[in-house]
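Trainee: One rule links them: number in my numbering = place in the sequence shown (from 1) + 43.
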Amino acid sequence: MHLLIVESPSKAKTLKKYLGPGYEVLASYGHVRDLLPKTGSVDTANEFAMKYEVIERNAKHVEAIARAVKKADEVLIATDPDREGEAIAWHLAEILRERKLLAKKPVKRVVFHEITERAVKDAIAHPRDIAMELVNAQQARRALDYLVGFNLSPLLWKKISPGLSAGRVQSPALRLICEREEEIERFVPREYWTIHLDSHQGRQKFGARLTQFQGEKIQQFSIENEARQQEVVEALTHAANGTVTVAKVEKKRKQRSPAAPFTTSTLQQEAVRKLGFSAERAMRTAQQLYEGVDIGGGAVGLITYMRTDSVNLAQEAIAEIRGYIAKQFSRDYLPTQAVTYANKAKNAQEAHEAIRPTSIARTPDSLKDHLGADQFKLYEMIWKRALACQMAPAQLDTVAADLAAGKAGMFRATGQTIAFDGFLAVYHEDADEPSEDEEEAKLPPLKEGESLPVDAIRGEQHFTQPPPRYSEASLVKTLEEYGIGRPSTYANIISTLLYERDNIGAYALLDKKRFKPTAMGRLVNCFLTQHFDHYVDYGFTAQMEDELDDVSNGARAWVPVMHDFWDGFATQLSVKDKVERGCPVNEACPKCGKPLLLQASKRGLFVGCSGYPDCDYTRPFGDAASEDNGRVLGTDPDTGKPITLLNGRYGWYVQLGEQEEGSKAKPRRASWPKDRPTETADLDTALLLLSLPREVGTHPETGKPIVANIGRFGPYLLHNDKFKSIPKAYDVYTVDLKQALEILALPPGRRGAAADPGRELGKHPADGAPVVVKDGRYGPYVQHGKINATLPKDFKPESITLAEALDLIAAKAAKGPAEKKTTRKAPAKAASKTEKAPAKKAATTRKTAAKK
């Protein structure tokens, strides 16, 4: 019997179907060993020897594998085809060797990049040994992350606040976000004006922009204020005298080539931009497509391995794609030769393939009924990109016309039309979308010397804009450009930055899908860049990635790489006790003249004197600094009164208007949610908070109003002088009368959760049964029949859609029922003599009663 070990149970089911009864296929459920979670697990004095232990949650799976090995004739390990997968294979082999289960049994590594019957059987027919250079690269990475985390995190606990963490790759990513925020804060807007001509030919209107005035080329800041703009417009209007002349017409044909097939990085970027996914959601969905989906007749892998930085395609895949193009499109869409792409990423693993469908013949439409909403969207994007990459370039006709306003100035009108759509018939990359000007400027046929009417000459005011905050897509792109981390780690980096630490909060948050550092994130970044600048430097982090790649390629040994890092890092750590608490703010204490530091306390951040305890000067930081006056968020559109964010004895709150002099009535107020940083406070959120309490409607039986509000114990409904908690599946700000009646009908219980009927999202397409979102004992979840799927942290119960719920339910169904835990009763302890006497007496009493 052959034993094949893979990482995930869903993959195991698919492979078992392919290989038949001669193979036993078991899953390791990911990593099986990790470093002991304590100091000294990487022995820096002994060539970085590492102390491992079996991961507790996977111990039962390791035991199942060990039992199966005893019966097996051959052991094949088919974990994922990357460094992590290679390391898991090595750890499994080491565990089995330590248990002396491999004395006379061969252990081989099996690698495939797609889960199709052909690829799997071909890989099993050509096994290899475990690649120790890949294992060592992963061990070095794990040791580096451990040494940074286990040394910097305690320093942050001591010098800033307990519960903080620092990471080798996470910290440079946080630095990017913080430095961009500092750029935005330093930015000073600058005014400038552009001058535009509105004209028409026949019924077709078009516009042009001023490029020359009085013989000088117009630059961005040539016209800096309204007065100058007015002078220029008047001069041009007078010189044109109602008409402009077509001075020159230029026509060019441009060629636009298709983008390369997806890598991990570009897949994440496009999924964020086009589909609105998070990087983590994109990778989770891609994993499902790779491991296999039942499309009728059993599960099959639909895409190749999704952790890759290569843009190569297998020759058979290229041949299949070109065959599909030849069959479905005219010959103009098929290039004479296959299109090839070169990697831009440093140290790309060329042995891997790009992400592509396992068969281009499986069109998205043919799979739509078998895929969840997220699966379909992502598969369609991958399929179209792979198809488009082998299609002919698009041909674009561009036209530029210069229009003279007498001798005073020259306007330029531009336009673009598609002469041949080529790959654009299938796929538009965001970067390939026409600009706004190009879309609006479809020009009429213009001839040199032709006169055209002037409909208007006008100026438009502009202000320079600060650099935008990073989105998930742009952060991933920047990390890749710097060489920080690897694409497979980006989703984890982002989730770590957004992780809500107890009583501390996250280091960054997403504000309108853009990263904004929190005050704590900025303090941590300030501390690290102040005292460990070299180790959170972009160049240094990228250099470490290059060295790890050298290890994986066999060009360097991993222990010398570790020494190069540790020797300098340990020296820096040796002065950690001299490091001041907090971070300098480049100000002197007004009391004693010593430097001021930004510091953290249980109440939040504050600025304090570095001379403490000799000097006790402190002041609040950020929003709290303006506590007395408050921070005006905007004006209420109904009353015209200002809405202010204030900090009181019970925490932050928003207030409508001011308390009138001599009046005992307090202004309307609402508490600011504790889970929302005050840095993100805006008018829209304040208006929403101040909308409570609100009347939902009138109860049809009692005729009394139902009011929704938030109280000391959370959201509730008030009806007939009785309170009813609102389950998490409902939103207190949007709950309607029908939903309110459902909540009021719930029997008494824990916030109504025990008998929560849930909010119906729609019907399941398979059987028409309702899909509902509920509030359960362990948090919100979605339910279909007997299947319950817990909502991940990035899903909100009040905003989840039916499509998202169907994906979660499908993923839960694929895992199968949860394993029941059997609790063994502890053996009864031997009773003492003092315990036996009452029992004996009781027995005697029972017998006497029976006789009577």
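Even glycine gets a Cβ: it sits at the ideal position worked out from N, Cα and C.
(1) Please state the DSSP three-state secondary structure of residue 321.
(2) Got a sec? Which residues, its chain only, sit under 8 Å from residue 304 by beta carbon, not counting five neighbours each side?
(3) Determine the contact status of residue 437 and residue 465, defining contact as a CB-CB distance below 8 Å.
(4) Just to check my reading of the structure: residue 530 and residue 306 have Cβ atoms closer than 8 Å, yes? What is that Cβ distance to the nearest angstrom?
(5) Unbroken beta strand (DSSP E) runs of length 3 or more, entirely within the region 329-411: which are they?
(6) Going by beta carbon distance, what residues of the same chain come within less than 8 Å of residue 144, once the five residues before and after it are set aside?
(7) Does residue 823 pass the burial test, meaning 16 or more other C-beta atoms within 10 Å, or should it be called exposed?
(8) For residue 220, which option in 563, 653 and 657 has the closest C-alpha, if you only look at C-alpha atoms?
(9) Excluding sequence positions up to five away, which residues of its chain have a Cβ less than 7 Å from the Cβ of residue 189?
(10) Using CA atoms only, rank isn't needed, just tell me which of 65, 173 and 735 is closest to residue 149.
(11) For residue 856, collect the residues of the same chain with a Cβ closer than 8 Å to its Cβ; drop the 5 residues on either side in sequence, then sort them by chain order.
(12) Hey, how far is the Cα of residue 701 from the Cα of residue 611?
(13) How would you label residue 334, buried or exposed, when you count the other beta carbons within 10 angstroms and need 16 or more for buried?
(14) At the level of alpha carbons, what is the spacing between residue 273 and residue 581?
(15) What does the alpha-carbon distance come out to for the pair residue 351 and residue 733?
(16) Which class does residue 207 belong to by DSSP, given the choice of helix, strand or coil?
(17) Whose C-beta lies closer than 6 Å to the C-beta of residue 230 among residues of the same chain, with five residues either side of it excluded?
(18) With H, G and I counted as helix, E and B as strand and the rest as coil, what does DSSP make of residue 263?
(19) If residue 434 sits next to residue 301, beta carbons under 8 Å apart, how far is it from one beta carbon to the other, in whole angstroms?
(20) Quick check on the DSSP output: what are the complete alpha helix (DSSP H) runs of length 4 or more inside the region 578-611, in order along the chain?
(21) Inspect the beta-carbon positions of residue 769 and residue 760 and report whether they are closer than 8 Å.
(22) Relative to the C-alpha of residue 852, which candidate in 834, 222, 367 and 210 has its C-alpha closest?
(23) Looking at C-alpha atoms only, which residue of 504, 542 and 131 is the closest neighbour of residue 179?
(24) Using the C-alpha atoms, what's the distance from residue 81 back to residue 520?
(25) Identify, in the order they occur along the chain, each residue of the same chain with its Cβ nearer than 7 Å to the Cβ of residue 401, setting aside the five sequence neighbours on each side.
(26) Alpha carbon to alpha carbon, how far is residue 772 from residue 840?
(27) If the criterion is Cβ atoms closer than 8 Å, does the pair residue 167 and residue 153 meet it?
(28) Mapping the DSSP letters down to three states, classify residue 459 as helix, strand or coil.
(29) Using the Cβ count rule (16 or more neighbours within 10 Å means buried), how would you classify residue 756?
(30) When the Cα atoms are used, what is the spatial distance from residue 290 to residue 448?
(31) What are the start and end residues of the beta strand (DSSP E) that includes residue 564?
(32) Would you check if the distance between the CB atom of residue 608 and the CB atom of residue 587 is smaller than 8 Å?
(33) State the CB to CB distance for the pair residue 723 and residue 552, rounded to an integer number of angstroms; the pair is presumed to be in contact (CB under 8 Å).
(34) Ordered along the chain, which non-local residues of its own chain (more than five positions away) have a Cβ less than 7 Å from that of residue 731?
(35) Which residue wins for smallest C-alpha separation from residue 461, given the options 455, 440 and 452?
(36) Return the chain-ordered list of same chain residues with a C-beta closer than 6 Å to the C-beta of residue 294, the five sequence neighbours on each side being excluded.
Mentor: So, from the data block:
(1) coil
(2) 354, 356, 384, 397, 398, 399, 428, 429 and 432
(3) Yes, Cβ-Cβ distance for residue 437 and residue 465 is below 8 Å.
(4) 6 Å
(5) none
(6) 109, 112 and 113
(7) Looking at its Cβ environment, which holds 16 or more other Cβ atoms inside 10 Å, residue 823 is buried.
(8) 563
(9) 78, 84 and 85
(10) Ranking the options by Cα distance to residue 149, first place goes to 173.
(11) 830
(12) Straight-line spacing of the CA atoms in residue 701 and residue 611 works out to 58 Å.
(13) buried
(14) Roughly 48 Å between the two C-alpha positions.
(15) 49 Å
(16) coil
(17) 509
(18) coil
(19) A Cβ-Cβ separation of about 6 Å places residue 434 in contact with residue 301 under the 8 Å criterion.
(20) The qualifying runs are 581-595.
(21) yes
(22) 834
(23) 131
(24) 35 Å
(25) 157, 159, 344, 345, 346 and 347
(26) Going by C-alpha positions, residue 772 is about 5 Å away from residue 840.
(27) Closer than 8 Å, so yes.
(28) strand
(29) exposed
(30) Taken atom to atom, the span from the alpha-carbon of residue 290 to that of residue 448 is near 10 Å.
(31) Per DSSP, residue 564 belongs to no beta strand (DSSP E); it is in the alpha helix (DSSP H), 562-574.
(32) Residue 608 is a Cβ neighbour of residue 587, given a cutoff of 8 Å.
(33) Indeed, because the Cβ distance is near 6 Å, the residues count as touching under 8 Å.
(34) 776
(35) 440
(36) These residues qualify, in order along the chain: 442.
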